[in-house]
Amino acid sequence: MSRVRLFPETADANARRLVAARGLRALVDGYVSILLPAYLLALGLDSFEVGVLATATLLGSASLALCVGFLTSHFGHRRPLLAAATLMMATGCAFAGVQGFWPLLLVAFVGTLNPSSGDVSVFLPLEHSLLAQSVGDRDRTALYVRYSLAGSLMGAAGTLFAVLPALTAEWLDVSPLRIMQGLFLLYAAIGLANGLIYRQIDESRVPQEGKPSAPLGPSRAIVYRLAALFCIDSFSGGLIVQSMLALWLFQTFGLSVAAAANLFFWTSICSAVSMFAAVPLANRIGLVRTMVFTHLPSSLCLVVIPFVSDLFVVIALLVVRSLLSQMDVPTRNSYVMAVVTPPERPAAASVTSVPRSLASAIGPVIAGYLFLLSGFGWPLLLAGILKSGYDLALLALFSHVRPPEEREAARAKAATSGG
1 MSRVRLFPET ADANARRLVA ARGLRALVDG YVSILLPAYL LALGLDSFEV GVLATATLLG
61 SASLALCVGF LTSHFGHRRP LLAAATLMMA TGCAFAGVQG FWPLLLVAFV GTLNPSSGDV
121 SVFLPLEHSL LAQSVGDRDR TALYVRYSLA GSLMGAAGTL FAVLPALTAE WLDVSPLRIM
181 QGLFLLYAAI GLANGLIYRQ IDESRVPQEG KPSAPLGPSR AIVYRLAALF CIDSFSGGLI
241 VQSMLALWLF QTFGLSVAAA ANLFFWTSIC SAVSMFAAVP LANRIGLVRT MVFTHLPSSL
301 CLVVIPFVSD LFVVIALLVV RSLLSQMDVP TRNSYVMAVV TPPERPAAAS VTSVPRSLAS
361 AIGPVIAGYL FLLSGFGWPL LLAGILKSGY DLALLALFSH VRPPEEREAA RAKAATSGG
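Numbering (the UniProt record's numbering), first residue to last: 1 to 419.
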């Protein structure tokens, strides 16, 4: 009987550190994505202003990611990661102490706050490029699954923290607002913990040979096409970031913060469980088909949800969507790193993640404005339609562009058939 490994056989110590850092960060992102709209509404902001702040966080993250992605060849991975962890600490402290819209807008833009259940932060291109160099090709997708799995499981646990303001306010005779501010201080503490982990990154393990003179070399055309497609997916995802989805549930169905936290806990668990199927499915049908065939049905769920008036059915559709929508995340990350040369990976991670962050940044402010105008779930409908178009375009344009392990498997199969 084969032993199940916590990490792939070829994964090194850096891989373990990065997965641990991702899990800790997801823990606080999990509750921030739910508490952020409730916190801002408690401060007296309206739906549109909540959307503006969510947009500012994504725009700021994109700007930072663009800078660090192209500076990695000069400064390595460790120092930018340490700087990002320091910024995370400052962000948590500032959000705990600042209350005005304009100061919050500034902190949201320059900080690391994440209004989404996924990771759209400055950490993303740095960790993705380092992960790809911390494992062999055959285990790359399996490592990205573990990285995403850590994010989903810890993010699910984090959503439960969102019930603390309601549960503990009476026990401690403290206002829920103060409890929320305390949770932002916990966010800062996790930034410190991440910094301690990043200090242990061993860059001597990272291959240094063969760096191209330009950040992107032979793979430039593929990376730019992928980035353009990812923008469509991310813009539509920005319309339904978890903070805005929670806001819609609050306003349309009168859902409490505790109930929303419970819902997002289970959807995160479902997303995590589904990732176990990503590797065997990718090995069987390929990375691109895995991305499309799992993501398309989840997009269609979004199209249906706005027309449903029964909360139970809406919750059921959100759960079904969660079982399908995240299997493309580790496969997509693995695919991008596979179709470029190793020296291009930091730049490729930045070029594909930054436009995604910029595109997704537009979504929350549009969603907030639409929610202000109407209780109908227009953002969900638009997101579902656009995501479906992205899935079909990805299949049409990239089904023939195979990563190294798929090309090797095809050659081995051809040799066996010929023999």
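Glycine included, C-beta positions come from ideal geometry on N, C-alpha and C. Quick caveat, the model's predicted, so the values are computed rather than measured.
Euclidean distance between Cα positions of residue i and residue j
i	j	result
K211	L130	A caution first: K211 carries a pLDDT of 48, below 50, which makes its placement in the model unreliable, though a value can still be read off. Their backbone Cα atoms lie some 15 angstroms apart in a straight line.
P115	T55	9 angstroms
V308	A359	28 angstroms
A13	A193	17 angstroms
Q99	L43	7 angstroms
M1	P330	Since pLDDT at M1 reaches only 41, below the 50 mark, its modelled position is unreliable, and no value is offered.
V174	F184	16 angstroms
L124	A396	27 angstroms
A405	L106	Per the sequence shown, residue 405 should be read as Glu rather than Ala. Roughly 45 angstroms separates the two Cα atoms.
V319	D137	33 angstroms
A258	A162	7 angstroms
L239	R411	42 angstroms
D46	F371	10 angstroms
G384	S236	7 angstroms
R345	M337	6 angstroms
H400	I222	12 angstroms
N333	M291	10 angstroms
T86	G195	7 angstroms
I34	I269	16 angstroms
S134	G60	28 angstroms
H74	P80	10 angstroms
A214	V339	Below a pLDDT of 50, predicted positions are generally treated as unreliable, and A214, at 46, falls in that range; the measurement from the model is reported next regardless. Distance between the alpha carbons of A214 and V339 is about 17 angstroms.
T10	D328	23 angstroms
I366	I179	30 angstroms
residue 436	V145	Since the displayed the chain opens at 1 and closes at 419, residue 436 lies outside it and no answer follows.
S322	G30	15 angstroms
G51	V110	16 angstroms
S374	E49	16 angstroms
W171	L164	11 angstroms
E209	S299	In this prediction, E209 has a pLDDT of 44, which is less than 50 and means its spatial position is unreliable; what the coordinates show is noted afterwards. For E209 and S299, the distance between alpha carbons rounds to 42 angstroms.
S357	E127	16 angstroms
Y224	A361	19 angstroms
G92	Q200	23 angstroms
A409	A94	51 angstroms
L302	A415	44 angstroms
F376	L249	11 angstroms
V314	I305	6 angstroms
L53	A108	6 angstroms
Y39	L104	12 angstroms
Nearest-angstrom beta carbon gap, residue j and residue i [assumed within contact, 8 angstroms]
i	j	result
L64	V28	Their Cβ separation, rounded to whole angstroms, is 18 angstroms, which puts L64 and V28 out of contact at 8 angstroms.
L287	P403	6 angstroms
D233	K387	6 angstroms
G151	A26	4 angstroms
S264	T168	Note on residue identity: the sequence assigns Phe, not Ser, to residue 264. 19 angstroms between Cβ atoms; not a contact.
M275	G368	Not a contact, Cβ separation roughly 30 angstroms.
G254	T341	Going by Cβ atoms, the distance from G254 to T341 rounds to 53 angstroms, so no, they are not a contact pair.
L226	T141	Not really, about 16 angstroms apart at Cβ, beyond 8 angstroms.
A20	L153	That pair is no contact at about 12 angstroms.
Boundaries of the alpha helix (DSSP H) in which residue i is found, first to last residue
i	result
L130	F123 to A132
F101	F101 to V110
E170	L164 to L172
I179	P176 to Y198
S152	R140 to L160
Cβ of residue i within 7 angstroms of any chain B Cβ
i	result
S234	Structure shown: chain B not included; a single protein chain is present.
Q) Along the chain, which unbroken stretches of the beta strand (DSSP E) at least 3 residues long are found entirely within the stretch 5-77? A) Not a single unbroken stretch of the beta strand (DSSP E) spanning 3 or more residues falls wholly within the stretch 5-77.
| task | Taking only runs that begin and end inside the stretch 321-396, name each unbroken alpha helix (DSSP H) of 4 or more residues, in chain order. | result | Annotation: the stretch 321-396 contains the following complete segments of the alpha helix (DSSP H) (minimum length 4 residues), in chain order: 328-338 and 345-373.
My parser needs the alpha helix (DSSP H) runs of 4 or more residues fully inside the stretch 217-293; what are they? Secondary structure remark: continuous alpha helix (DSSP H) runs of at least 4 residues inside the stretch 217-293, in chain order: 220-238, 242-253, 257-274 and 278-285.
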